[in-house]
Each structure stands twice: as C-alpha cells, then as structure tokens.
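In the working numbering, the protein residues as written are 8 to 142. Every residue, glycine too, gets a C-beta built ideally from N, C-alpha and C. Accompanying notes for the structure given below.
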Amino acid sequence: MSDRKLRILVAKPGLDGHDRGAKVVARALADAGYEVVYTGLHQTPEMIAAAAVQEAVDAVGLSIMSGAHMTLFPAVIDALKARGVGDVVVFGGGIVPKDDLPKLAEIGVAKIFTPGASTNEIIDWVESYLRPKVA
C-alpha cells in the first residue's frame with residue numbers, strides 16, 4: 008500500500024448555501040492525514056473540474072443539500088471527463104432519496120453519504136475504497 012497522501016477536493020456545487028457539513032468533512036479528512044482542497048460555495052461543475060485538474064486530486068467529494076443531486080453529480084462527472092480526468096473518483100453527501108442512489112451509482116458516483124453518516128464512516132470508506140483504487 009502506498010504511503011502517498013491522497014488528495015481530495017471537497018466542493019459545494021450550485022446555489023446551496025449550507026456548507027457546515029462540507030467544512031466538517033474537509034477538516035476531518037485533513038485531520039486524518041489527507042490533503043484536502045476546499046473550493047467553497049457556489050461552484051459550477053466546470054469550476055470543480057478545473058480545480059480537480061489544477062490540484063491533481065484523486066477524488067472529488069460533493070456536498071449537495073439542495074435536491075439538485077440528479078443534475079449536479081452528472082454535470083460534474085461530465086466536466087471531469089471533458090477535461091480528461093474521468094478516472095477521478097466522485098463521491099458525495101447530502102439529502103439524497105434512497106431511490107436515487109442506484110441511478111447515481113450507475114452514472115459513476117462511487118458513494119453517497121446520507122445525513123447521519125459519521126466522519127469516521129467517511130474516512131473508513133476513503134481508506135478502504137479510494138486508497139486501493141488510486142494506489
């Protein structure tokens with residue numbers, strides 16, 4: 008297993024102004040030893056993809072609380088592919104109905120953490136899923 012620090016971009020796409028959860032996750036990931044880039048609020052899919060390329064990240068974590076997950080996740084994945092980094096792992100969290108989870112997985116979202124997920128659960132997933140995938 009590689010000891011290289013994983014680089015994770017945490018982003019808030021769209022008009023959603025609720026960023027506390029994203030900041031908590033970003034801090035928890037950083038405290039766990041990952042390199043974290045937090046892009047802030049109101050990011051477009053293109054801005055997120057550009058940051059992913061510029062920062063050479065291994066994964067993009069999206070926080071979507073607005074209900075626009077079925078639009079924003081595919082748009083970010085498409086923007087990453089358009090920039091030649093379609094292999095970057097995309098995961099996220101937010102208010103996502105259970106019925107939408109299989110559809111999101113089908114388009115390439117690796118994992119969705121719903122309300123109540125702990126930061127330890129997220130870190131455990133990153134270590135067990137993401138690290139082997141990018142090592």
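Inter-residue Cα distance where the pair is Val31 and Ile129: As a first step, residue 31 must be located in the sequence shown, where it is residue number 24. As a first step, residue 129 must be located in the sequence shown, where it is residue number 122. Cα-Cα distance, rounded: 11 angstroms.
- prompt: What do you get for Pro52, buried or exposed, if any count of 16 or more other CB atoms within 10 angstroms of its CB means buried?
  reply: Position 45 of the sequence shown, counted from the start, is the residue given in the question as residue 52. So Pro52 counts as buried.
query: Starting from Ala18 and walking both ways along the beta strand (DSSP E), at which residues does that stretch end?
result: Position 11 of the sequence shown, counted from the first residue, corresponds to residue 18. For Ala18, the enclosing beta strand (DSSP E) begins and ends at 14–18.
task: Could you tell me the distance, in whole angstroms, from the CA atom of Asp65 to the CA atom of Leu48?
output: Residue 65 sits at position 58 when you count from the first residue of the sequence shown. Residue 48 sits at position 41 when you count from the first residue of the sequence shown. In a straight line, the C-alpha of Asp65 is about 21 angstroms away from that of Leu48.
field: For Gly22, the three-state DSSP class (helix, strand or coil)
entry: Within the sequence shown, residue 22 is the residue found at index 15, counting from 1. As written in the sequence, residue 22 is Leu, which differs from the Gly given in the question. Three-state DSSP puts Leu22 in coil, outside helix and strand.
- prompt: Smallest Cα separation from Asp23: which of Gly100, Val43, Ile71, Ala57?
  reply: Position 16 of the sequence shown, counting from 1, holds the residue named residue 23. Comparing Cα-Cα distances from Asp23 to each of Gly100, Val43, Ile71, Ala57, the minimum goes to Ile71.
field: Whole-Å CB distance - Gly115 paired with Val97, under 8 angstroms assumed
entry: Residue numbering aside, residue 115 sits at position 108 when the sequence shown is read from its first letter. Residue numbering aside, residue 97 sits at position 90 when the sequence shown is read from its first letter. With a Cβ gap of about 6 angstroms, Gly115 and Val97 count as contacting.
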